[in-house]
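Residue numbers (our numbering), protein chains in the order written: chain A, 1 to 226; chain B, 1001 to 1226; chain C, 2001 to 2226; chain D, 3001 to 3226; chain E, 4001 to 4226; chain F, 5001 to 5226; chain G, 6001 to 6226; chain H, 7001 to 7226. Just below is one structure, and these are the notes that go with it.
8 protein chains.
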Amino acid sequence: MPDGLESFANLDLGRAARRGYPEAVYCEGKTPEQVAAIASALRARPDAVTLFTRAAPAHAKAILNELPDAHHDTDAGLLAWPPVPPEPAGGLVVVLAAGTSDLPVAREATQTARYLGRAAELVVDVGVAGLHRVLGHLDLLRRARVVVVAAGMDGALASVVAGLVAAPVVAVPTSVGYGAAFGGLAPLLAMLNACAPGVAVVNIDNGYGAGHLAAQIAAPRPAGDT
Amino acid sequence: MPDGLESFANLDLGRAARRGYPEAVYCEGKTPEQVAAIASALRARPDAVTLFTRAAPAHAKAILNELPDAHHDTDAGLLAWPPVPPEPAGGLVVVLAAGTSDLPVAREATQTARYLGRAAELVVDVGVAGLHRVLGHLDLLRRARVVVVAAGMDGALASVVAGLVAAPVVAVPTSVGYGAAFGGLAPLLAMLNACAPGVAVVNIDNGYGAGHLAAQIAAPRPAGDT
Amino acid sequence: MPDGLESFANLDLGRAARRGYPEAVYCEGKTPEQVAAIASALRARPDAVTLFTRAAPAHAKAILNELPDAHHDTDAGLLAWPPVPPEPAGGLVVVLAAGTSDLPVAREATQTARYLGRAAELVVDVGVAGLHRVLGHLDLLRRARVVVVAAGMDGALASVVAGLVAAPVVAVPTSVGYGAAFGGLAPLLAMLNACAPGVAVVNIDNGYGAGHLAAQIAAPRPAGDT
Amino acid sequence: MPDGLESFANLDLGRAARRGYPEAVYCEGKTPEQVAAIASALRARPDAVTLFTRAAPAHAKAILNELPDAHHDTDAGLLAWPPVPPEPAGGLVVVLAAGTSDLPVAREATQTARYLGRAAELVVDVGVAGLHRVLGHLDLLRRARVVVVAAGMDGALASVVAGLVAAPVVAVPTSVGYGAAFGGLAPLLAMLNACAPGVAVVNIDNGYGAGHLAAQIAAPRPAGDT
Amino acid sequence: MPDGLESFANLDLGRAARRGYPEAVYCEGKTPEQVAAIASALRARPDAVTLFTRAAPAHAKAILNELPDAHHDTDAGLLAWPPVPPEPAGGLVVVLAAGTSDLPVAREATQTARYLGRAAELVVDVGVAGLHRVLGHLDLLRRARVVVVAAGMDGALASVVAGLVAAPVVAVPTSVGYGAAFGGLAPLLAMLNACAPGVAVVNIDNGYGAGHLAAQIAAPRPAGDT
Amino acid sequence: MPDGLESFANLDLGRAARRGYPEAVYCEGKTPEQVAAIASALRARPDAVTLFTRAAPAHAKAILNELPDAHHDTDAGLLAWPPVPPEPAGGLVVVLAAGTSDLPVAREATQTARYLGRAAELVVDVGVAGLHRVLGHLDLLRRARVVVVAAGMDGALASVVAGLVAAPVVAVPTSVGYGAAFGGLAPLLAMLNACAPGVAVVNIDNGYGAGHLAAQIAAPRPAGDT
Amino acid sequence: MPDGLESFANLDLGRAARRGYPEAVYCEGKTPEQVAAIASALRARPDAVTLFTRAAPAHAKAILNELPDAHHDTDAGLLAWPPVPPEPAGGLVVVLAAGTSDLPVAREATQTARYLGRAAELVVDVGVAGLHRVLGHLDLLRRARVVVVAAGMDGALASVVAGLVAAPVVAVPTSVGYGAAFGGLAPLLAMLNACAPGVAVVNIDNGYGAGHLAAQIAAPRPAGDT
Amino acid sequence: MPDGLESFANLDLGRAARRGYPEAVYCEGKTPEQVAAIASALRARPDAVTLFTRAAPAHAKAILNELPDAHHDTDAGLLAWPPVPPEPAGGLVVVLAAGTSDLPVAREATQTARYLGRAAELVVDVGVAGLHRVLGHLDLLRRARVVVVAAGMDGALASVVAGLVAAPVVAVPTSVGYGAAFGGLAPLLAMLNACAPGVAVVNIDNGYGAGHLAAQIAAPRPAGDT
């Protein structure tokens, strides 16, 4: 079998040009050596941001060895290179974490939106068990062009927020909770069945996907567009 | 095999004495003839209320033939005999139906609580997509000794209500909704994972069970008890 | 228990003002009489569009009795009143139906987007078993501000389209298929796991939700916004 | 992003006033540093009991560093501060553990009920494989205002107890068992389908939730109430 | 393709000789014409009992047309030919139906055991919600060489009985119940996880299989065997 | 929206040229009018065989109205036009039906293979409860280039056959069985876990897919190929 | 809370007298200290065999510290005390392991049957991928009063054996296999749907339960019994 | 119990003669000692290739101790002995890995096909998010007699490839992905529901099974066969 990068990966370097957003490198299931080889190949391409997602410490170490100035968000398991996000354009992304345990996923979403070029704000611990916590952020929520909700357990925050704002809500269920949460199945189903329309669901714990989708929804309009 | 009532049923007539609540007759899976025979046997026992649950029209007709003055709530598929509920005692039961489609289950719960001796009030169409609808009933909710919430889809109403009141919440998921509601699985899981504590879950569409549990929770205290 | 509309429904007539989009009436689980009463109450409110979703023939008949000029899309089980959609504003919504059997859901999405004020185009029978069918519509797809994909079976069309366009994709799994499609579970999971980011998933067969979400994503920007 | 407590948590210190029961701190998914910061902030609030649930040894160490006199139940993974439960009021809570392996969950329920102000007694190893073990406690069971049943495997104890007492039964399925117990799914479903009415189900292994619900059900009545 | 019986069936007429028990004809999924052809072919083989299981009315009519004196148990959907069961041998089979709705399955088990040569007694409505109903039959239960328990909902009766007798218990979960009974899944899992050993589980609603297994367990021993 | 065929379908008439096998028309979820329009359009294309699968009686009637000489296999719900299969080429396909109830699926597979150009033989009622029935066909099985096994319940026939022959086995689970067969899930999982390698699984009840795959596997080799 | 053995366990020492078989100690979920205390209490009761099941090395060490001469089968995770099984009585138990990986479960079943007083023989690696391996043991199989089959993956061995012998088959699915075996779900469902009647299913990996059930089925008959 | 190889395994050495393909040794669930004993026994049988699958490092070490020149593919967890594959015969097998994380499974398939006597080529990182990557290999794909597709997440690659080639596609879902991928369930269901016919599905992560099936499909034809 062939050796080197082409023996295990085939980078889609044209994706930023084709779709407007660069390809990310999903580290889970790759060896640190494979990730390092990809990082090395990308060093010559500083024109587009590359995100490394689901990076375990061994992945992070291998990436930082190749790209020492990459930004590393350890909570989110995310690395970004070049390290400085682009100047924000388009609408505001607001990310809500229902509880502290949802924070890693919420941070992954926030950072992804920023590195894809949006302004993004993160608000934590606004679960529906204390409605005043959500309602206290209504002004911010109504300024958002899209709201991301990261919530485990009953996932009820997505429905409540969708009932309060005109913007679409990107709901990312988390694997927070135990027993009959079944690793995020409970909030996933609740969000798919949100009684308020306007809820877009992504995969469990997929903060990257939520941030990417939010960045697309809040993208700047071409000149002359309504 | 033996004939007659004893060939298919063995009434637990002592249950009211033993547990304080009479046995109900679950009609589903019984033939109208079997239900009629049970109704006929109960005619001689007007001392305790008997509820017939999940009665299809054929069951109802068979029961009314034996007990013509029984009360029949067609929406809830429920018959009660004797037809007049006992004088209410104990605390107030408030039943909420998240949407109009949850009404049959909510009515079954309300009627069950009444026939087991509680005062019960029913409020409809208070889903969380319009929070003001729930919040508009806060005074009533805070007078309740127990709140029953019947909700399908995301089941989020149970969490929201439990976060607002000190009384326990009996949550009954309904099979309202489609697709990934999976016949009530979505609200069932959401309610089991309610982010606010104090939520007691019963089976999907089990309005009878919810009303029974609520009646027990709101039961009058023995004299001298705190 | 109370009689009349307030005994089973509590219309959220302020939703259009609050959220920018009116409440829809979900007919499943309501009796034709209940739906008729709602239709009758709405007759005095022609200022906002009302959609009646999941309307069986008996529901439709009851609605048309009250609102004879309502528009009725029998394939989609949808009625709209007033019958003429508003003048389109905002970006273009493109709806794809993977196969002919996905058409009812795709039509529900298309009509919903139109009645909520967007221009919407529908393209049918573009499943990935013949890639040329998708690729032949690339120009249209790239003009869309959001693409809705209705697909059953393997749900693969969502991933393929998301890999081709910069706009977000709203994926609505359908219950088309048999056996291990498990009523839409197979495409639902596939769409949640789309290997291309940018896929927003809604409930199985939920064309209404897909159209609503698409309308929100493609909403016109306030003046001065980028 | 902001630093300090407000960067990851937003304590609901008003919950005791609003609902009558204080907020608990769910440790799972939080870092020991986050838990320590919460413990430190609570030090100034000895007026309400705080429970830390699902505390792993690292969490416990971090909490005890901030609140050295907190009570630590290692079996239940629970810490309480201030360490002495309030004087009991209201009705008696009886907690049953079907087997020895259910004991951690049963202890979590018992301690929660005590710290929320109830008298609570714990009885162990009363599974239905030896009915005499349950029947031997009938007197105690009939003195309870609410019975908590912690059981894994077939969850049958909940049904048997509910058939014997007038008080409501709070059933908490445990993940005890293997194979087709599916992590507690088997007793969860059995309890939801209890053939005796009066069973309130909470999440798998959720001893805290069971104890909280029991404390609410057995709460003292306001003066003048029946 | 070939015509006649051999085009759709290949009777295993040697099974009684090979295994000691004849093959049964499972009617579900066969056309009445196919079942009639099989019945006609069996007419020449009165030496072994043939059972037709899951016979809908159309199947029964077709069978009775060919074998007019066959015994037809309409509740159980079972036909037997020749109509008279063999003289009983071996140990006693006791069949318990937890509720009236479990009766069709329990009858199928009882009749199957009888036609395979065992004495069998059926006891109805002995659910664990009223333990005295089970305990009242202890003498009979302890005379059984095998006990069959047909129960839906929580399936708890199997565990309770297995804890009371030395004989093995054949547990047949039924699809009785609603919501989270999930068509018999709840009692199936409960029975597989029975906390008392000695429970042999068969398929949901499989009264035939339960009766067959019971007949094998209670089979007479060869001379000289212990 | 557009009218006519192009408003709901986009026939992939080039598929036979591109892939060597023509597109089939899946009738489920299409209206009889839609199917009729497709049949009408195909009338001008007798060069390739068209199969109509999952045709309910109303579909069949609509098709036969347009293509009166189409072949109609009512058991299999299949129509073929032109009605005569091509001259067989390539290897032999042997189709096994475990039981009579599996016959519709097995016939669909057999007919599909024939209309796609293979010789195909069908053997019925060879379930593993009587191993001699399988073993009696070993000669035929060993002449096959591919064996299709249609089986419900335990799906064990696929494993047994795969252990006996060198040819690949195409396993099609059927929804035959009840209770814990869960609509074909049981044989599906069993076949995916076949202890003998060489088992290719297709969707539940998908006789068409099984026959198509078998036709591809047994396809004639190009001249000069080994 | 109380200390000592009674704080966590309530031994059912009368079970051997009541049911004829002693209670076993299920170690999973118990601490080594708890298991040691139970072992210590049993030392004074050598009249009945005690089995400790699912004993991890730490459990085994704790038990052997109290009961140094206990028999320890490390493969099966089983300890027995007193160490010598009783003299065998009743019929022969034959245990089959489909593959080598099923051996721990098969050994647990074999040893359990022996310590409960039966003669038991174990045969390994007789999966249906090589039918000759099963068929080569037909003589032994036909001498058994009950056959235990331990099999993972497709679980097909249970059906094949049940089709060959008159004795009942106790089928114990194992968690052997990967992917869609789903931890033993695949063989569990296959065994519940065995196409040959006479299969009694126990929980996944439950070798103890299989051996116990087999011992009951093969129990010696009382004098004078047939 | 017996000692030595026959106490835990019964090698099917005749399988190569009987089926044309040798038995493989599945290491998972076996101890290194058991695997070593099998390796030792095979040393005397160099006439057929033996594959050891799912070999953890401890297994590999034990095997290499007995068969030092065995080939060890560490990525695939596979060992082969004798180490040199046979001369290839039959058609070409092309293996596609959708992403880098699918590579271990794809390598297992590739190596298995080679050791069973086929020419096999492996292409990596051709997911449908960049269709050009698949389309760039069309020439190679159309030369294959069978294509193996290893893909996790949405499994969409199988459908896309099946729509492009006439050869059958063997689809092996992988457990790559997170959350609602549910350990490979999502691609498994997607592949079973592939909208293009001609997809043969094997178990999740079962690269060995996929390679074996591909080798059978691409087997050389007997002389004189078409």
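We treat Cβ as the ideally placed atom computed from N, Cα and C, and that holds for glycine.
**Asked** Between which two residues does the beta strand (DSSP E) harbouring Glu7121 (chain H) extend?
**Response** Secondary structure note for Glu7121 (chain H): its beta strand (DSSP E) is the uninterrupted segment 7120-7124.
**Request:** Give every residue of the same chain whose Cβ lies closer than 8 Å to the Cβ of Gly1209 (chain B), excluding the five residues on either side of it in the sequence, and list them in chain order.
**Result:** Exclusion of the five residues before and after Gly1209 (chain B) leaves Val1172, Val1202, Asn1203 as the residues of its chain whose Cβ lies within less than 8 Å of its Cβ.
**Prompt:** Can you name the residues of chain G whose CB is closer than 8 Å to the CB of Thr3100 (chain D)?
**Reply:** Ordered by position in chain G, the residues that pass the 8 Å Cβ test against Thr3100 (chain D) are Phe6008, Ala6009, Gly6029, Lys6030, Gln6034.
**Asked** For His5212 (chain F), which of helix, strand or coil comes out of DSSP?
**Response** If DSSP states are grouped into helix, strand and coil, His5212 (chain F) belongs with the helices.
**Message:** At the level of alpha carbons, what is the spacing between Ala4016 (chain E) and Asp5125 (chain F)?
**Reply:** Looking at the two C-alpha atoms, the distance is approximately 18 Å.
**Message:** Can you find the residues in the same chain that come closer than 6 Å, C-beta to C-beta, to Trp3081 (chain D), ignoring five residues on each side of it along the sequence?
**Reply:** Counting only Cβ-Cβ distances below 6 Å, and skipping sequence neighbours, we find Thr3050, Leu3067, Ala3070.
**Request:** In the DSSP assignment, find the beta strand (DSSP E) that holds Thr6050 (chain G) and state where it starts and stops.
**Result:** Annotation for Thr6050 (chain G): the continuous beta strand (DSSP E) segment containing it runs 6050-6053.
**Asked** Quick one: Cα of Leu947 (chain B) to Cα of Glu3028 (chain D), how far?
**Response** Chain B is shown from 1001 up to 1226; residue 947 (chain B) falls before or after that span and cannot be answered.
**Prompt:** In chain C, which residues lie with their C-beta within 7 Å of the C-beta of Gly5184 (chain F)?
**Reply:** Gly2179, listed in chain order.
**Message:** Given a cut-off of 7 Å on the beta-carbon distance, is the pair Ala1113 (chain B) and Ala1200 (chain B) in contact?
**Reply:** A distance of 7 Å or more separates the beta carbons of Ala1113 (chain B) and Ala1200 (chain B).
**Alpha-carbon to alpha-carbon, His5212 (chain F) and Ala5120 (chain F)** = Taken atom to atom, the span from the alpha-carbon of Ala5120 (chain F) to that of His5212 (chain F) is near 12 Å.
**Message:** DSSP three-state label for Leu6140 (chain G), please.
**Reply:** In this structure, Leu6140 (chain G) counts as helix in the three-state DSSP scheme.
**Prompt:** Using the beta-carbon of each residue, which ones in chain D are nearer than 7 Å to Pro1168 (chain B)?
**Reply:** Using a Cβ-Cβ cut-off of 7 Å, Pro1168 (chain B) is close to Leu3213, Gln3216, Ile3217 of chain D, given in chain order.
**Message:** So within the region 1165-1222 of chain B, which uninterrupted beta strand (DSSP E) runs reach at least 3 residues, ignoring any that extend past its ends?
**Reply:** Positions of the beta strand (DSSP E) runs, each at least 3 residues long and wholly inside the region 1165-1222 of chain B, are given as 1169-1173, 1199-1201 in order along the chain.
**Request:** Please say whether Asp1073 (chain B) and Gln1034 (chain B) have beta carbons closer to each other than 7 Å?
**Result:** Going by beta carbons, Gln1034 (chain B) and Asp1073 (chain B) fall outside the 7 Å limit.
**Tyr6021 (chain G), DSSP secondary structure in three states** = Reduced to three states, the DSSP call for Tyr6021 (chain G) is coil.
**Asked** By a C-beta neighbour count over all protein chains shown, 10 Å radius and 16 as the cutoff for buried, is His7132 (chain H) buried or exposed?
**Response** Exposed.
**Asked** Exposed or buried, which one is Gly4136 (chain E) when buried takes at least 16 other CB atoms within 10 Å?
**Response** With fewer than 16 other Cβ atoms within 10 Å, it is exposed.
**Asked** How many Å lie between Leu3192 (chain D) and Pro1187 (chain B) at the Cα?
**Response** Near 14 Å, if we compare the C-alpha coordinates of Pro1187 (chain B) and Leu3192 (chain D).
**Message:** When you compare the CB of Ala4070 (chain E) with every CB in chain D, is at least one pair closer than 7 Å?
**Reply:** No, Ala4070 (chain E) lies away from the interface with chain D (no Cβ there is under 7 Å from its Cβ).
**Asked** Hey, would you say Gly179 (chain A) sits closer than 7 Å to Asp3075 (chain D), going by beta carbons?
**Response** Their beta carbons are not under 7 Å apart, which means Gly179 (chain A) does not touch Asp3075 (chain D) by this criterion.
**Residue-chain proximity (Gly2136 (chain C), chain H), Cβ-Cβ < 7 Å** = No, Gly2136 (chain C) does not count as interfacial toward chain H.
**Prompt:** Are there 16 or more other CB atoms within 10 angstroms of the CB of Glu7087 (chain H), so buried, or fewer, so exposed?
**Reply:** Burial call: exposed.
**Item:** Listed by chain order, chain F residues near Val6160 (chain G) by CB distance under 8 Å
**Value:** Residues of chain F passing the Cβ test: Val5128, Leu5131, Ala5156, Val5160.
**Rounded straight-line distance, which links the Cα of Leu3013 (chain D) to that of Val3094 (chain D)** = Val3094 (chain D) and Leu3013 (chain D): Cα-Cα distance of roughly 29 Å.
**Item:** Burial state of Val5084 (chain F) (16 or more Cβ within 10 Å)
**Value:** Exposed, by the Cβ-count rule.
**Asked** What number of angstroms, rounded off, separates the C-alpha of Pro2168 (chain C) from the C-alpha of Gly127 (chain A)?
**Response** Taking the straight line from one Cα to the other gives about 28 Å.
**Message:** Using 8 Å for Cβ pairs, my map puts Ala5036 (chain F) next to Ala5062 (chain F). What's the rounded Cβ distance?
**Reply:** Yes, they are in contact, since the Cβ atoms of Ala5036 (chain F) and Ala5062 (chain F) sit about 4 Å apart, within 8 Å.
**Asked** Under the three-state reduction of DSSP, which class applies to Val3161 (chain D): helix, strand or coil?
**Response** Of the three classes helix, strand and coil, the one that applies to Val3161 (chain D) here is helix, per DSSP.
**Prompt:** Between Ala7156 (chain H) and Gly3155 (chain D), what straight-line distance do the alpha-carbon atoms span, to the nearest angstrom?
**Reply:** Taking C-alpha positions only, Ala7156 (chain H) is separated from Gly3155 (chain D) by approximately 41 Å.
**Of the residues D:Ala3009, D:Met3153, D:Leu3122, D:Pro3197, the one placed nearest Tyr6026 (chain G), counting alpha carbons only** = Out of D:Ala3009, D:Met3153, D:Leu3122, D:Pro3197, D:Met3153 has the C-alpha closest to the C-alpha of Tyr6026 (chain G).
**Exposure label - Arg4 (chain A); buried when at least 16 CB within 10 Å** = Contrary to the premise, residue 4 (chain A) reads as Gly rather than Arg in this sequence. Exposed: under 16 other Cβ atoms inside 10 Å.
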